[in-house]
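Taken in order, these protein sequences are the chains called A and X. For the first sequence, our numbering gives the first residue as 228, with consecutive numbering after it. For the second sequence, our numbering gives the first residue as 134, with consecutive numbering after it. Just so it is clear, CB atoms sit at the ideal spot from N, CA and C, and this is done for glycine as well. From a predicted model like this one, the values you see are computed outputs, not experimental measurements. Right, one structure below, let's go through it.
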Amino acid sequence: MLTKRIIACLDMDAGRVVKGVQFKNLRDAGDPAECARAHARNGADEIILLDITATSNNRRTLLDAIRTTARSLFVPFTVGGGIRQLEDAAAVFDAGADKIAINSAAVREPALIGKIAGRFGSQAVVVAIDARRTNAGWEVFVAGGRVPTGRDAIQWAREAAACGAGEILLTSMDRDGTQSGFDCELMCAASEAVSIPVIASGGAGSARDFIEVFREGRADAALAASIFHFGIANIAQLKHQLQDANIPVRWPC
Amino acid sequence: MIAIVDYGAGNLNSVKKAFAYLGAEVVVTDEPGTLAGADKIVLPGVGHFSSLQALDRSGLRAVLLQAAISEKPFLGICLGMQWLFAGSDECTEISGAGIFPGKCRLFPSSVKSPHVGWNSISVQQGSRLLRGIAPDPFVYYTHSFHAPVVDATTAASEYGLRFSGAVEQGNIFGVQFHPEKSGDVGLAILRNFCEV
């Protein structure tokens, strides 16, 4: 049976993981390669590394971090942040990523999705969408959630899929950081609109939230960005709780 | 030496990296001579069945078929496994190698497509490629078309229907999933291939 994925997200700034990985067993909690390996050992089904500053100065640092992380990581590895053109994506793949995540650049130039998919396959292209609730639905924001676009998030997910995206990483800006649960309504609307997998993000506070987003939200995967802040010891424990609730998960790994 | 066939389809780094991690000597090549001289051949691949047309154009198809006939260990991964079958509905103008019967087809409309994520495989006893693997481990898949269950099927998965996760006949092996992305289980499978 196809399982629901738990994806560990590492936010990176200047070569260091900056939040969400308060691992007891790690000597150096800030090294991306070490964090990624530890998450994989604990049962993470995938790793996403997001370069949150993504300045040109940081590109070399990012590529080095991808290289060292990828060397001994044998679960799918996605990298996002600052990918604006095909060449950026090619460099990230060349360093060892399996998939890239694009957000603002895809909104600005939807054809970029097809360009990258055409060369590296749709399975390698994740379109990340930051969405905020409005009276009518959800609006797409870009530039790290700072700039509204006036675009409908569900419509954009549909268009991204049609352009060749392999997965949608959907973040509820309203729920992000609140620990009040995922926006299941948003996730469900997106999941019904596209046939490609939807990865839910924003609002995780407990194992119960994951159970809900897989059931009511119909998400195919969920991002565990900083669950370790919220009393869940690790992904292994989360997976046990999901298994007890009859959610199919990859366990034991 | 293991030769990974480069026919311009996607990113071959992950496959190369996994073999290198296992200590295997590995090259990525599109040279018929290098392929003919290699001890083992890996045909990877992601994306559309039509990308396999590059094998016909470059003359690699004959080299690969010759290798398979001569019992040189051969591993097709994902699209590389689908190539071992007669063909695919994804692109009917191109023939597969026809080593295994039947065509690759879309998943039924009762399930979302593509099939992406970790699914379990039910492993048949006696497979050399899957030797020492648990009876129903999880492996990572990402594909829209599936190969039918045939006599040579050594592992099957369920997704709307039963399909071939792994096939094996003599020294010809194929896996629809990505062993290079399937954690310790995948590494064990690649290690078995190195030791064939």
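From which residue to which residue does the beta strand (DSSP E) around residue i run?
i: A:Ser299; result: Looking at the DSSP string, A:Ser299 is not in any beta strand (DSSP E), and its letter there is neither H nor E.
i: A:Asp238; result: 232-240
i: A:Ala451; result: 448-451
i: X:Leu155; result: Run containing X:Leu155: none; DSSP gives neither H nor E here.
i: X:Ser297; result: 295-302
i: X:His248; result: 248-253
i: X:Thr287; result: 286-291
i: X:Val138; result: 135-138
i: A:Ala427; result: 425-428
i: A:Asp278; result: 273-278
i: X:Ile174; result: 173-176
Pick out whichever of the options has its Cα sitting closest to the Cα of residue i.
i: A:Thr361; options: A:Arg378, A:Leu237, A:Ala463; result: A:Arg378
i: A:Gln464; options: A:Arg268, A:Gly242, A:Met400; result: A:Arg268
i: A:Gly430; options: A:Met414, A:Leu339, A:Ser407, A:Ala384; result: A:Ser407
i: X:Tyr292; options: X:Asp284, X:Arg238, X:Ser315; result: X:Arg238
i: X:Tyr274; options: A:Asp325, A:Met400, A:Arg346, A:Ala318; result: A:Asp325
i: X:Val138; options: X:Val175, X:Pro234, X:Gly170; result: X:Val175
i: A:Phe347; options: A:Asp447, A:Val319, A:Ser399; result: A:Val319
i: X:Asp269; options: X:His181, X:Gly192, X:Ala299, X:Lys205; result: X:Ala299
i: A:Ala332; options: A:Val374, A:Thr296, A:Val244, A:Gly444; result: A:Val374
i: A:Arg359; options: A:Ser422, A:Arg402, A:Asn473, A:Gly323; result: A:Arg402
i: A:Val306; options: A:Ala263, A:Asn461, A:Glu439; result: A:Ala263
i: A:Arg335; options: A:Arg311, A:Ala344, A:Ile327; result: A:Arg311
i: X:Gly235; options: X:Ser297, X:Thr162, X:Lys314; result: X:Ser297
i: X:Leu228; options: X:Ala288, X:Pro281, X:Phe306, X:Arg194; result: A small correction: the amino acid at residue 228 of chain X is Ser; Leu does not occupy that position in the sequence shown. The shortest Cα separation from X:Ser228 among X:Ala288, X:Pro281, X:Phe306, X:Arg194 belongs to X:Arg194.
i: X:Ser147; options: X:Glu328, X:Leu320, X:Cys327; result: X:Leu320
i: X:Val283; options: X:Glu226, X:Val244, X:Leu217, X:Pro177; result: X:Leu217
i: A:Asp238; options: A:Ala271, A:Trp478, A:Thr280; result: A:Thr280
i: A:Thr288; options: A:Ala344, A:Gln470, A:Ala260, A:Glu419; result: A:Ala260
i: A:Phe294; options: A:Arg286, A:Ile274, A:Ala271, A:Ala322; result: Residue 294 of chain A is actually Arg in this sequence, not Phe. For A:Arg294, the nearest C-alpha among the options comes from A:Ala322.
i: X:Leu294; options: X:Glu164, X:Val318, X:Ile305, X:Lys245; result: X:Lys245
i: A:Gly270; options: A:Asp471, A:Ala472, A:Ala451, A:Asn473; result: A:Ala451
i: A:Val440; options: A:Thr405, A:Ile423, A:Met414; result: A:Met414
i: X:Phe182; options: X:Glu223, X:Phe271, X:Asn304; result: X:Glu223
i: X:Lys205; options: X:Thr286, X:Ala288, X:Ala169; result: X:Ala169
i: X:Ile266; options: X:Ala219, X:Gly180, X:Asp317, X:Ser290; result: X:Asp317
From residue i to residue j, what does the alpha carbon distance come to, in whole angstroms?
i: X:Thr351; j: X:Ala136; result: Coverage of chain X is limited to positions 134 through 329, which leaves residue 351 of chain X absent and any answer about it impossible.
i: A:Gly341; j: A:Ala434; result: 36 angstroms
i: A:Met380; j: A:Ile356; result: At residue 380 of chain A the sequence reads Ala, which differs from the Met that was named. Distance between the alpha carbons of A:Ala380 and A:Ile356 is about 7 angstroms.
i: X:Ser221; j: A:Ala416; result: 32 angstroms
i: A:Ile426; j: X:Ile202; result: 44 angstroms
i: X:Ser260; j: X:Glu301; result: 7 angstroms
i: X:Asp172; j: X:Met134; result: 5 angstroms
i: A:Arg232; j: X:Tyr140; result: 31 angstroms
i: A:Ile329; j: X:Gln257; result: 41 angstroms
i: X:Trp251; j: A:Leu229; result: 6 angstroms
i: A:Asp278; j: A:Gly432; result: 23 angstroms
i: A:Ala265; j: A:Ala338; result: 36 angstroms
i: A:Gln382; j: A:Leu396; result: 14 angstroms
i: A:Ser399; j: A:Val244; result: 22 angstroms
i: X:Lys149; j: A:Ala363; result: 48 angstroms
i: A:Arg254; j: A:Ile234; result: For A:Arg254, the predicted model reports a pLDDT of 37, less than 50, meaning its position is unreliable and no value from the coordinates is stated.
i: A:Ala446; j: X:Val249; result: 12 angstroms
i: A:Gly257; j: A:Ile327; result: 22 angstroms
i: A:Ile275; j: A:Lys466; result: 18 angstroms
i: A:Glu273; j: A:Asn461; result: 14 angstroms
i: A:Gln470; j: A:Thr296; result: 29 angstroms
i: X:Phe278; j: A:Val421; result: 18 angstroms
i: A:Arg442; j: A:Pro479; result: 22 angstroms
i: X:Ala280; j: A:Glu412; result: 36 angstroms
i: A:Pro424; j: X:Pro247; result: 8 angstroms
i: X:Ile322; j: X:Val159; result: 16 angstroms
Counting along the chain, where does the alpha helix (DSSP H) carrying residue i start and finish?
i: X:Tyr273; result: No alpha helix (DSSP H) contains X:Tyr273, which is instead part of the beta strand (DSSP E) from 271-276.
i: A:Gln468; result: 462-471
i: A:His266; result: 259-268
i: A:Phe441; result: 434-442
i: X:Thr167; result: 165-170
i: X:Glu313; result: Unbroken run through X:Glu313: none, as it is neither H nor E.
i: A:Arg346; result: 338-347
i: A:Val334; result: 331-335
i: A:Asp315; result: 313-322
i: A:Leu413; result: 411-420
#### Entry: Inter-stretch contact (C-beta, 8 angstroms, three-pair minimum) for the region 180-195 of chain X and the region 147-156 of chain X
For the pair of segments examined, the region 180-195 of chain X was found not to touch the region 147-156 of chain X: the number of CB pairs separated by less than 8 angstroms stays below three.
### Message
Just to confirm the assignment: which complete alpha helix (DSSP H) runs, minimum length 4, are found wholly within the region 361-397 of chain A?
### Response
Counting whole runs of 4 or more residues, the region 361-397 of chain A contains the alpha helix (DSSP H) stretches 380-390.
### Task
Residues of the region 139-165 of chain X with a CB closer than 7 angstroms to any CB of chain C: list them in chain order, please.
Absent from the structure is chain C; the protein chains it does hold are A and X.
### Task
Would you be able to state if there are at least three C-beta pairs under 8 angstroms between the region 302-310 of chain X and the region 204-221 of chain X?
With the cut-off at 8 angstroms, the region 204-221 of chain X and the region 302-310 of chain X touch.
### Task
Specify whether the region 347-354 of chain A and the region 386-393 of chain A touch according to this definition: at least 3 beta carbon pairs, one from each stretch, less than 8 angstroms apart.
With the cut-off at 8 angstroms, the region 347-354 of chain A and the region 386-393 of chain A touch.
### Message
Taking 8 angstroms as the cut-off, does the region 285-303 of chain A touch the region 364-377 of chain A (at least 3 CB pairs, one atom from each stretch)?
### Response
Contact between the region 364-377 of chain A and the region 285-303 of chain A is absent, because fewer than three Cβ pairs lie under 8 angstroms.
### Task
Taking only runs that begin and end inside the region 187-244 of chain X, name each unbroken alpha helix (DSSP H) of 4 or more residues, in chain order.
As for any alpha helix (DSSP H) of minimum length 4 sitting wholly inside the region 187-244 of chain X, the runs are 193-202, 212-215, ordered along the chain.
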